[in-house]
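Data block below; observations after.
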Amino acid sequence: MKIYAEKHNSLTRTVAVAVKTVTICVISLALACVFLGCSASAVNVGFTRESITLYVGESRDVAPYVVFDPIINDSRDNLKISTDGDCVEVGGTVITAVKAGVATVRATTASGGRDGVMTVTVIAREEQDMYLEVDGQLLQALSDGQKPSALTFSARFEDTVLPNGIEWRVNGKTVQTGASSTLEFAPVGIGEYTVAAQAGDLLAERIVKVYRKTQTSVEYNGNLVQPDGNFSAVTFYAREIMDAANPATVYEWRVNGVVSGALGVFEFTPQAAGEYKITLAVNGVTQTVAGGDGIVVEATGDRAPLGRVTFDDADGVYIDWADGEHIVRVTIVSPDGRRRDIERSDAAHAYRFSRGRFNADGLIEPFAENPAEYAITLVAEGKREFKFTQYPEAARRYADEKVLCRNSFISSEADGTMYIAELYAVGASRERCYIDGDANKITSAMRAAASDLGMSAYIVADGHIATVELDGIVNAPSKFDAGKAERVYAVMPHIEYDQAARRPSNYVFALDRVKKSAEVESSEQLLLATSYGIRPAPVKKSTAEVVYNSARNRLVSIIGADYTAEQKVHAVYDWLQWVIVRAETPSATGSGRFLESVFGSAELTVPSVGLRRAAVTSEGAAKAFALMTRIEGIDCVIESSATADGVRRFWNKVKLDGRWYNVDVFGGKSPSDEIGLSSARELTSHRGLLTDDAYMIKQGLTPQGGALEAYDASKSAYLTKHVADGAYFDYYAGKYEIADESMYDAAVAYAFGACAIGSVSVPVYGGIETYINNTLGAEFALADDVTDGEVATVIEQIRAAADKYAEKVFGQKFASNAVAIYRTDYTVTVAATAPRRG
567 MKIYAEKHNS LTRTVAVAVK TVTICVISLA LACVFLGCSA SAVNVGFTRE SITLYVGESR
627 DVAPYVVFDP IINDSRDNLK ISTDGDCVEV GGTVITAVKA GVATVRATTA SGGRDGVMTV
687 TVIAREEQDM YLEVDGQLLQ ALSDGQKPSA LTFSARFEDT VLPNGIEWRV NGKTVQTGAS
747 STLEFAPVGI GEYTVAAQAG DLLAERIVKV YRKTQTSVEY NGNLVQPDGN FSAVTFYARE
807 IMDAANPATV YEWRVNGVVS GALGVFEFTP QAAGEYKITL AVNGVTQTVA GGDGIVVEAT
867 GDRAPLGRVT FDDADGVYID WADGEHIVRV TIVSPDGRRR DIERSDAAHA YRFSRGRFNA
927 DGLIEPFAEN PAEYAITLVA EGKREFKFTQ YPEAARRYAD EKVLCRNSFI SSEADGTMYI
987 AELYAVGASR ERCYIDGDAN KITSAMRAAA SDLGMSAYIV ADGHIATVEL DGIVNAPSKF
1047 DAGKAERVYA VMPHIEYDQA ARRPSNYVFA LDRVKKSAEV ESSEQLLLAT SYGIRPAPVK
1107 KSTAEVVYNS ARNRLVSIIG ADYTAEQKVH AVYDWLQWVI VRAETPSATG SGRFLESVFG
1167 SAELTVPSVG LRRAAVTSEG AAKAFALMTR IEGIDCVIES SATADGVRRF WNKVKLDGRW
1227 YNVDVFGGKS PSDEIGLSSA RELTSHRGLL TDDAYMIKQG LTPQGGALEA YDASKSAYLT
1287 KHVADGAYFD YYAGKYEIAD ESMYDAAVAY AFGACAIGSV SVPVYGGIET YINNTLGAEF
1347 ALADDVTDGE VATVIEQIRA AADKYAEKVF GQKFASNAVA IYRTDYTVTV AATAPRRG
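Going letter by letter, the sequence shown gives residues 567 to 1404 in this note's numbering.
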């Protein structure tokens, strides 16, 4: 069973699953296209910390310390961590201290740019340190009918003088005290168990995870056979059919037996000839991969990468290659026969070389009156030659001139789609571009992009030159759409309420660290710049400045200084759920589909009721979520799909830990007719937070793919595990736990106890909203296969648990009219009005 309620100052990682939800709560009175990220010219990598200290045996994931400049959607996918020292070992992005010493840890990406460097100091164990040795399996995956196996924990001390006594605890509950340094422990069922030994001031813990055995398949993108030294990345995906009762999934990827990855996505690039066997263990169980116990990547020949010349929207001329590693020499023979040999060891040219990229400015001229051919050779362990043919001089202006952030040299369908988005953002109704590629496919993509943006495109091609005319551009609102629906909620938004725990007003966001910038004036230009990972430079007193500053101020006001990426996504989702009203049938020129509806405008007069109750369409909600997460450096795109009634619906996809998940702020709110109310009210919920594509399909939408599973259990809004009053529980109700009274009691007590009662302030556009909150509430999610009769049982269990809580805390049950329960297709929400004390 899963319930959703977290303390405001200790948000857990969150994700919603494709499940039904039931909510009990009290009524409180209180771009038409997908913006795709483009490839940047060079990605510089840095660490947010210059150094860290670890103790021997300690592990640390360094990925959260890594920042990218510029921010691009695939930066973290291509992240590689390495070290030059022997005091730490590297497995994926996790470093483990193995002995005392100092090491340099380096972060790189395949797309080139400067490496990030951080110093790691490893300290040996203190003499009085204590640790636990384990005899048994810390990860156990059980088949049906199988029972968990017992484990023996032994406390070990570096000092020869042992303490007088040890207190042993399991999930915080004392299970043994005395002089014994060992504990026999047998898990009682599926769940996570923290076994702790306390001896005076010394504390040691180990975690046991017991799972129901699940099915996992492995997919991959890339070439398993890589001949002639042209090595490239192969990306592997673990597709697990998750069990809601299980603890967080543990992935272990190995390359020829060496642990190399711990996420659901793993990227491997051969660095030398050989056979590399990729294996995967999920929750301690080795998986069958391609009919065997692993997949082999076979690389032959001396490394000799195949290059390509890049200049389109690259802010320079570069030679790129696939494997992302350094090369030692580049030889360029110009059309006039002049030969240049550039050595990496030559200090005068060292700046040209980076991982996967060579700066060819001044060495290769892409355009000429009489186009001719360059012969280019990349030398690594081996060498490989390729040709580059110049383009006509007439094409130069289209490559040099910018529309907003990108040029008019169109070389692919995606390039054409973004070109239309740029014309829309700047309001250019008639322009010319240069098409290099399949003109039919590219112009078709351009017309489709225009249609998605509510425009008609007329394109006439004359050779490579195409004239594009756009009709029906509406890229800014002409009026403000105010919302009227009242908010119904179970819990206050999960944002940072403690001002001391927030970030300062001058906080430097991830997007602020990006060097490349673009001047923007409107909200659509602002959004488009962030979609490219480019830092916006708003024109003074423009709507872009109003919107950008407002979004930044809200982020400072709702997010804590120590929040993870998952917590930031959760906080932004909750805040938007709180401040918007669904606009079901908006006007074409109203504010609902624009960022102005949430963050204000320099042109529009905002009604005195304030923007906190703005009428916002799904498009406007998706744009607001995208802007806020991109400012935080989180990869986010906007998706859309036509519904059965012909209306276009928008939502987001975010990338966390290498995986894409759906976020549907608009769809996460339930309108009054869905929750059985006649008046205009909307119920906030987490049903749209971090879901898989299967869930979106159930909503009648057609996602473009990528989010193949819901987020794993440890980060799910409903699946997050808790331990209270001796019960191991969550907020998801599956068939096997419908009648488990102890879990409902613990879940409701935990949720109600975490609710903020009294004066609560929520930052909104233009100031602060203060509420006298007297609502105790929780959200529950229901498994897909739960029947209506079983849902009725769930509701009875929740109501009974609420009364038990009231009797314990307030000395009496809730009044019958003090509790409201709402059920939607996927959720149940409960909220109760807390009685006045005294």
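Cβ coordinates follow ideal geometry from the N, Cα and C atoms, glycine included. Note that this is a predicted model, so its numbers are computed, not measured.
Can the beta-carbon of residue 1077 be found closer than 8 Å to that of residue 1096? Position 511 of the sequence shown, counted from the first residue, corresponds to residue 1077. Position 530 of the sequence shown, counted from the first residue, corresponds to residue 1096. Their beta carbons are under 8 Å apart, which means residue 1077 touches residue 1096 by this criterion.
Bridge partners for residue 849 per DSSP, in chain order? Residue mapping note: residue 849 aligns to position 283 of the sequence shown, counting from 1. Answer by DSSP bridge pairing: none, since residue 849 is not bridged.
Bounding residues of the beta strand (DSSP E) (the contiguous stretch that carries residue 706): Here residue 706 corresponds to residue number 140 of the sequence shown, with the count starting at 1. Per DSSP, residue 706 is one residue of the beta strand (DSSP E) stretching across 705 to 708.
Count the other C-beta atoms from every protein chain shown that fall within 10 angstroms of the C-beta of residue 996, then say buried if there are 16 or more, exposed otherwise. Here residue 996 refers to the residue found at position 430 when the sequence shown is read from its first residue. Under this definition residue 996 is an exposed residue.
Report the CB separation of residue 826 from residue 657 in whole angstroms; it is logged as a contact under 8 Å. For the purposes of this step, residue 826 is identified with residue 260 of the sequence shown, where counting begins at 1. For the purposes of this step, residue 657 is identified with residue 91 of the sequence shown, where counting begins at 1. Contact annotation, residue 826 with residue 657: C-beta distance approximately 6 Å; criterion of less than 8 Å satisfied.
Supposed contact pair residue 867 and residue 794 - C-beta distance, whole angstroms, cut 8 Å: In the sequence shown, residue 794 corresponds to position 228, counting from 1. In the sequence shown, residue 867 corresponds to position 301, counting from 1. Rounded, the Cβ-Cβ distance is 5 Å, consistent with contact.
Run the CB neighbour count on residue 1188, radius 10 Å, all protein chains shown included, and call it buried at 16 or more, exposed below. The residue labelled residue 1188 in the question sits at position 622 within the sequence shown. Taking every protein chain shown into account, the CB of residue 1188 has 16 or more other CB atoms within 10 angstroms, so this residue is buried.
Measuring CA to CA, which of 830, 618 and 628 is closest to residue 1130? Reading the sequence shown from its first residue, position 564 is the one you call residue 1130. It is 628.
Inspect the CB distances between the region 917 to 933 and the region 873 to 883 and report whether three or more fall short of 8 Å. In short, these stretches touch, since the Cβ pair count reaches three.
Excluding the 5 residues preceding and the 5 following residue 659 in the sequence, name in chain order all residues of the same chain whose CB lies nearer than 7 Å to its CB. For the purposes of this step, residue 659 is taken as residue 93 along the sequence shown, with counting starting at 1. Short of 7 Å from the beta carbon of residue 659, and not among the five residues preceding or following it, lie these beta carbons of its own chain, in chain order: 627, 628, 629, 645 and 647.
From this set, 1100, 1048, 999 and 978, which residue's C-alpha is nearest residue 971's C-alpha? To locate residue 971, count along the sequence shown from 1; it is residue 405. Nearest Cα to residue 971 within the set 1100, 1048, 999 and 978: 1100.
State the DSSP-derived secondary structure class of residue 624, mapped to helix, strand or coil. Residue numbering aside, residue 624 sits at position 58 when the sequence shown is read from its first letter. Residue 624: coil per DSSP, three-state reduction.
What does a CB cutoff of less than 8 Å around residue 802 pick up in its chain, not counting 5 residues either side in sequence? Here residue 802 is taken as the residue at index 236 of the sequence shown, counted from 1. In chain order, 784, 785, 786, 819, 831, 832, 833, 834, 844, 846 and 861 place their CB closer than 8 Å to the CB of residue 802, counting only its own chain and leaving out the 5 sequence neighbours on each side.
Tell me which same chain residues have a C-beta within less than 7 Å of the C-beta of residue 1003, skipping the five on either side of it? Along the sequence shown, read from residue 1 onward, the residue named residue 1003 stands at position 437. Within the same chain, 977 and 978 come within 7 Å of residue 1003 by CB-CB distance, once the 5 residues on both sides are set aside.
For residue 950 and residue 815, what's the separation of their Cα atoms in angstroms? Mapped onto the sequence shown, residue 950 falls at position 384. Mapped onto the sequence shown, residue 815 falls at position 249. Cα to Cα, the separation comes out at about 43 Å.
Can you confirm whether the region 1014 to 1032 touches the region 1061 to 1071 when touching is taken to mean that 3 or more C-beta pairs between the two stretches lie within less than 8 Å? Contact check between the region 1061 to 1071 and the region 1014 to 1032: fewer than three CB pairs, one atom from each, fall below 8 Å, which does not count as touching.
Selected residue, minimal CA-CA separation from residue 635, among 779, 1159 and 611: In the sequence shown, residue 635 corresponds to position 69, counting from 1. Nearest in C-alpha terms to residue 635, of all of 779, 1159 and 611, is 611.
According to the neighbour-count rule (16 or more other Cβ atoms, all chains shown, within 10 Å of its Cβ), is residue 1070 buried or exposed? Looking up residue 1070 in the sequence shown gives position 504. Classification of residue 1070: exposed, given that the 10 Å Cβ count is below 16.
Have a look at residue 577 and residue 967 and give me their C-alpha separation to the nearest angstrom. Translated into the one-based positions of the sequence shown, residue 577 becomes position 11. Translated into the one-based positions of the sequence shown, residue 967 becomes position 401. At residue 577, the pLDDT of 32 sits below 50, so the modelled position is not reliable; the number obtained from the coordinates is stated separately. Roughly 46 Å between the two C-alpha positions.
Contact the region 759 to 776 vs the region 697 to 715: 3+ CB pairs below 8 Å: Short answer: they touch.
Nearest by alpha-carbon distance to residue 1339: which of 1055, 1355 and 1205 is it? In the sequence shown, counting from the first residue as 1, residue 1339 sits at position 773. A check of alpha carbon separations from residue 1339 across 1055, 1355 and 1205 identifies 1055 as the nearest.
Environment of residue 1221 [buried if 16+ CB atoms lie within 10 Å]: Locating residue 1221 in the sequence shown gives position 655, counting from the first residue. The C-beta of residue 1221 has 16 or more other C-beta atoms within 10 Å across all chains shown, which makes the residue buried.
Find out if the Cβ-Cβ distance for the pair residue 1192, residue 1202 is shorter than 8 Å. The count along the sequence shown starts at 1 and reaches residue 1192 at position 626. The count along the sequence shown starts at 1 and reaches residue 1202 at position 636. Contact annotation: residue 1192 and residue 1202 have beta-carbon atoms nearer than 8 Å.
Under DSSP, the beta strand (DSSP E) around residue 1319 begins and ends at which residues? Position 753 of the sequence shown, counted from the start, is the residue given in the question as residue 1319. Counting along the chain, no beta strand (DSSP E) covers residue 1319; the unbroken alpha helix (DSSP H) around it starts and ends at 1307 to 1320.
Three or more beta-carbon pairs under 8 Å between the region 682 to 691 and the region 748 to 767, yes or no? The region 682 to 691 makes no contact with the region 748 to 767: fewer than 3 CB pairs, one atom from each, lie closer than 8 Å.
Excluding the 5 residues flanking residue 1280 on each side, which residues of the same chain have their C-beta closer than 6 Å to its C-beta? Against the sequence shown, residue 1280 aligns to sequence position 714. Interpretation of residue 1280 is limited by its pLDDT of 36, a score under 50 that renders its predicted location unreliable; no figure is taken from the coordinates.
Please report how far the alpha carbon of residue 797 lies from the alpha carbon of residue 1226, in whole angstroms. As a first step, residue 797 must be located in the sequence shown, where it is residue number 231. As a first step, residue 1226 must be located in the sequence shown, where it is residue number 660. Roughly 26 Å between the two C-alpha positions.
Going by alpha carbons, who is nearest to residue 765 out of 1214, 1194 and 744? Here residue 765 is taken as the residue at index 199 of the sequence shown, counted from 1. The residue with the shortest Cα to Cα distance from residue 765 is 744.
Mind checking which residues open and close the alpha helix (DSSP H) that includes residue 1196? What you label residue 1196 is simply residue 630 of the sequence shown in a count that begins at 1. For residue 1196, the enclosing alpha helix (DSSP H) starts and ends at 1184 to 1197.
May I have the straight-line CA-CA distance separating residue 716 from residue 772, to the nearest angstrom? Residue numbering aside, residue 716 sits at position 150 when the sequence shown is read from its first letter. Residue numbering aside, residue 772 sits at position 206 when the sequence shown is read from its first letter. Between the C-alpha atoms of residue 716 and residue 772 there is a straight-line separation of about 14 Å.
I need the boundaries of the beta strand (DSSP E) containing residue 884, first residue and last residue. Counting from one through the sequence shown, the residue named residue 884 turns up at place 318. From DSSP, the beta strand (DSSP E) with residue 884 extends over 884 to 887.
Is there contact here, the region 1343 to 1351 with the region 1079 to 1086, by at least three beta-carbon pairs under 8 Å? The way I'd put it, the region 1343 to 1351 doesn't touch the region 1079 to 1086; fewer than three beta-carbon pairs between them come closer than 8 Å.
Within 10 angstroms of its Cβ, does residue 1211 collect 16 or more other Cβ (buried), or is it exposed? Walking along the sequence shown from the start, residue 1211 turns up at place 645. Around the CB of residue 1211, fewer than 16 other CB atoms lie within 10 Å, so the residue is classed as exposed.
Taking the alpha helix (DSSP H) that residue 610 falls in, what are its first and last residues? The count along the sequence shown starts at 1 and reaches residue 610 at position 44. Element bounds for residue 610: not the alpha helix (DSSP H) but the beta strand (DSSP E), 610 to 613.
Excluding the 5 residues flanking residue 1356 on each side, which residues of the same chain have their C-beta closer than 6 Å to its C-beta? In the sequence shown, residue 1356 corresponds to position 790, counting from 1. Residues 1304 of the same chain have their beta carbon placed closer than 6 Å to that of residue 1356, with the five preceding and five following residues left out of the count.
Runs of beta strand (DSSP E) lying entirely within the region 1092 to 1149, each at least 3 residues, in chain order: Within the region 1092 to 1149, the complete beta strand (DSSP E) runs of at least 3 residues are 1101 to 1104 and 1146 to 1148.
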